[in-house]
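J.: So for the sequence shown, my numbering puts the first residue at 1182; every next one is plus one.
Below you'll find the structure I mean.
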Amino acid sequence: MTEISLASSLPTSSREALLIGLLSEEDTPVIFASDELPRKAGATLASLAGAVGATGSAGEVLRAPGTELGYEVVVFVGLGKTPTLEGLRRAAGAATRALKGIETLHVALPAAHAEAVGALAEGLALGSYRFERYKAQKPAVASAVVVTAAARSAEAQAALERAAVLTEAVNAARELVNTPANDLYPETFADHARTVGKAAGLTVTVLDEKQLAAGGYGGLLGVGCGSPRPPRLVKVEYRPRGAKRHIALVGKGITFDTGGLSLKPPLAMETMKTDMAGAAAVLHTAVAAAQLKLPVRVTAWLALAENMPSGTATRPSDIITIRGGKTIEVLNTDAEGRLVLADALVAAGEEDPDAIIDIATLTGAQIIALGNRVGAVMGEDGTRSDVVAAAESSGEEFWPMPLPEQLLDSFKTPIADLKNKGSREGGMLGAGLFLQQFAADRAWAHLDIAGPSWTDKAWGYTPAGGTGVGVRTMLAYLENVED
Ligand code: BES
Ligand code: MN
Ligand code: ZN
């Protein structure tokens, strides 16, 4: 974890590394740096940037010897053509992702306002995440000092503290996604939720397989019954005194998705430890909401199961009963996310929350539609636009998608209320319509993060592996809830 602090001027000693921004322009890049730098440093920086061949293109990180400025090293990071808050985030993160073995990094990108301070702090902390559970990685940046005229302002300090909570939540969600299914399965995931929930002062309730059977949770049981590691439904409650609004967050938590008897081919299975990214995101969003003392009641539901093929697994054509009584003919055991979510959506609805947000690595069709970096939001219009607005302000990309009613026809079967597989065309939207049947007529949005939950290639402030996507959007959504 990179410790981040603010300072109103550059230090006179311990001058190890200085981080400077560059904007790309026609011929030579333009220095994009804090006003707190001595004016005469400009010419030196420009010649250093030229000497290392910097272009200022987004994501570029280059090192130059800094002796002329009294630093061991000057690090140049490119922001592309126009500076934005997200550009600051990405540049700061690209730097901490690339740098190794730095004790103190002095960050001299422009951050005159609290918003920019927050963006820099977020980028620095997100880019410094390393997955070290199984192998130590080279130490990154131990501490970063953001040099800004706003160092003493209460707003900047608050932005820094919010960034610390938020990035800790994102990095914790990444850690869960990166942890493979031999160590993270429904029981151990539930144990983790209990531990981190309690530490944040939340109430955590775990339903085991017996309680799920007694409660009629046929979706979780039908998906989980092929695995010797039984399913769990975890409820994490944050109930601040005086809160008028109640938001339910529901996460898909398939700790591994083999497809079940409708087995996935080997390549498609390789990254399926990511199939619990929704549950990881709702858990750590609730934890962050509590740490930030948001004035809104939050209930996170983690629908945890392992989807395995075996002699006890659900067969294609089996009919299961979701909590609340709807029957489903399971024709493809690889369309399992919608089954566990159906149970959890019904359970969440029983408490009559003001809105329900569900988040899931639900369909391969999501990746076909929007690629690897952009998530999809479906649902009731008002909640959907609130989520899109929250995403935009947080730096995550979520795009609104429709729920064309006619696609629901393809889920009809003569012998049950629904089948779990609809038409291939519009596969992401069909899955959304399926879930809508269990959200009843509530204010509800469904986030499909199949693409953006995972990245093979590192970029900006996102290291390779689990991305923790959704945490920042849901937290911004909760911050915007009005009494
Ligand atoms: N977990 C997958 C979706 C997925 C695919 C997530 C790629 C992340 C990356 C989901 O359970 C699944 O297998 N969906 C099927 C549904 C189909 C059988 C109707 C799909 O999209 O192929
Ligand atoms: Mn599947
Ligand atoms: Zn799945």
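C-beta: ideal position from N, C-alpha, C; glycine also.
All of these numbers come straight from a predicted model, not from anything done at the bench.
Runs of 3 residues minimum, wholly inside the stretch 1218 to 1280: which ones carry the beta strand (DSSP E) assignment?
T.: 1242 to 1246, 1254 to 1259
J.: Quick one, which of D1539, A1449, L1442 has its alpha-carbon nearest T1514's?
T.: Translated into positions along the sequence shown, residue 1514 becomes position 333. Comparing Cα-Cα distances from T1514 to each of D1539, A1449, L1442, the minimum goes to L1442.
J.: Would you call L1448 buried or exposed, if buried means 16 or more other Cβ atoms sit within 10 Å of its Cβ?
T.: By one-based count along the sequence shown, residue 1448 stands at place 267. Exposed: under 16 other Cβ atoms inside 10 Å.
J.: Hey, out of G1240, M1489, E1241, V1256, whose CA is closest to G1247's CA?
T.: The count along the sequence shown starts at 1 and reaches residue 1247 at position 66. It is V1256 whose Cα lies nearest to the Cα of G1247.
J.: Evaluate the contact criterion for the stretch 1408 to 1423 versus the stretch 1470 to 1479: three or more CB pairs, one atom per stretch, below 8 angstroms.
T.: The way I'd put it, the stretch 1408 to 1423 does touch the stretch 1470 to 1479; three or more beta-carbon pairs between them come closer than 8 angstroms.
J.: Mind checking which residues open and close the alpha helix (DSSP H) that includes R1478?
T.: The sequence position of residue 1478 within the sequence shown is 297, counting from 1. No alpha helix (DSSP H) contains R1478, which is instead part of the beta strand (DSSP E) from 1478 to 1488.
J.: What first and last residue would you give for the alpha helix (DSSP H) that runs through G1403?
T.: Position 222 of the sequence shown holds residue 1403. Unbroken alpha helix (DSSP H) run through G1403: 1399 to 1405.
J.: Could I get the ranges of all uninterrupted beta strand (DSSP E) runs contained in the stretch 1374 to 1439, with 3 residues as the minimum, in chain order?
T.: The stretch 1374 to 1439 contains these whole beta strand (DSSP E) runs: 1384 to 1388, 1413 to 1419, 1427 to 1438.
J.: Taking all protein chains shown into account, decide if Q1547 is buried (16 or more other Cβ within 10 angstroms of its Cβ) or exposed.
T.: As a position in the sequence shown, residue 1547 is number 366, starting the count at 1. When all chains shown are included, Q1547 counts as buried.
J.: Which partner residues of H1627 appear in the DSSP bridge assignment?
T.: Locating residue 1627 in the sequence shown gives position 446, where the first residue counts as 1. In DSSP, H1627 forms a bridge with D1539, M1559.
J.: Flag A1484 as yes when its Cβ comes closer than 8 angstroms to any non-hydrogen atom of the ligand BES, and as no otherwise.
T.: Taking the sequence shown and counting its residues from 1, the one referred to as residue 1484 is at position 303. No; taking the cut-off as 8 angstroms, the Cβ of A1484 has no heavy atom of the ligand BES nearer than that.
J.: Using beta-carbon positions only, say whether A1300 and G1576 come within less than 9 angstroms of one another.
T.: Here residue 1300 corresponds to residue number 119 of the sequence shown, with the count starting at 1. Here residue 1576 corresponds to residue number 395 of the sequence shown, with the count starting at 1. In contact: A1300 and G1576 (Cβ atoms closer than 9 angstroms).
J.: Helix, strand or coil for S1324, going by three-state DSSP, please let me know.
T.: Within the sequence shown, residue 1324 is the residue found at index 143, counting from 1. S1324: strand per DSSP, three-state reduction.
J.: Using 10 angstroms around the beta-carbon of K1638, count the other beta-carbons present and answer buried if the total reaches 16, otherwise exposed.
T.: Counting from 1 along the sequence shown, the entry for residue 1638 is found at position 457. Its Cβ having fewer than 16 others within 10 Å, K1638 is exposed.
J.: Looking at P1291 and P1264, is the spacing between their C-beta atoms short of 9 angstroms?
T.: Residue mapping note: residue 1264 aligns to position 83 of the sequence shown, counting from 1. Residue mapping note: residue 1291 aligns to position 110 of the sequence shown, counting from 1. Here P1264 is near P1291, since their CB atoms are less than 9 angstroms apart.
J.: Does the distance from the CB of A1460 to the CB of A1484 come in under 9 angstroms?
T.: Position 279 of the sequence shown, counted from the start, is the residue given in the question as residue 1460. Position 303 of the sequence shown, counted from the start, is the residue given in the question as residue 1484. Taking 9 angstroms as the Cβ cut-off, A1460 and A1484 qualify as a contacting pair.
J.: Pair every Cβ in the stretch 1293 to 1313 with every Cβ in the stretch 1346 to 1366, then say whether three or more of these pairs are closer than 8 angstroms.
T.: yes
J.: On the CB-based measure, 16 or more other CB atoms within 10 Å of its CB, does Q1617 come out buried or exposed?
T.: If you number the sequence shown from 1, residue 1617 lands on position 436. By the 10 Å Cβ count, Q1617 comes out buried.
J.: Whole angstroms is fine: what's the gap from Q1392's alpha carbon to G1405's?
T.: As a first step, residue 1392 is located in the sequence shown; it is residue number 211 there, counting from the start. As a first step, residue 1405 is located in the sequence shown; it is residue number 224 there, counting from the start. So the two alpha carbons sit approximately 14 angstroms from each other.
J.: From the DSSP secondary-structure annotation, give me the bridge partner or partners of L1200.
T.: Start at 1 with the first residue of the sequence shown, and residue 1200 comes out as number 19. V1256, V1288, per the DSSP bridge assignment.
J.: For G1382, which residues of its own chain have a beta-carbon under 7 angstroms away from its beta-carbon, when the five flanking residues on both sides are left out?
T.: Reading the sequence shown from its first residue, position 201 is the one you call residue 1382. The answer, listed in chain order, is A1471.
J.: Considering only the beta carbon of each residue, do K1445 and M1457 sit closer than 9 angstroms?
T.: One-based indexing of the sequence shown puts residue 1445 at position 264. One-based indexing of the sequence shown puts residue 1457 at position 276. No. Outside cutoff.
J.: Cβ of I1509 versus every heavy atom of the ligand ZN: is any distance shorter than 8 angstroms?
T.: By 1-based counting over the sequence shown, the position of residue 1509 is 328. Because no heavy atom of the ligand ZN lies under 8 angstroms away, the Cβ of I1509 does not count as near it: no.
J.: Is E1313 a contact residue of the ligand ZN, with contact defined as CB to any heavy atom under 8 angstroms?
T.: Within the sequence shown, numbered from 1, the residue matching residue 1313 stands at position 132. No.
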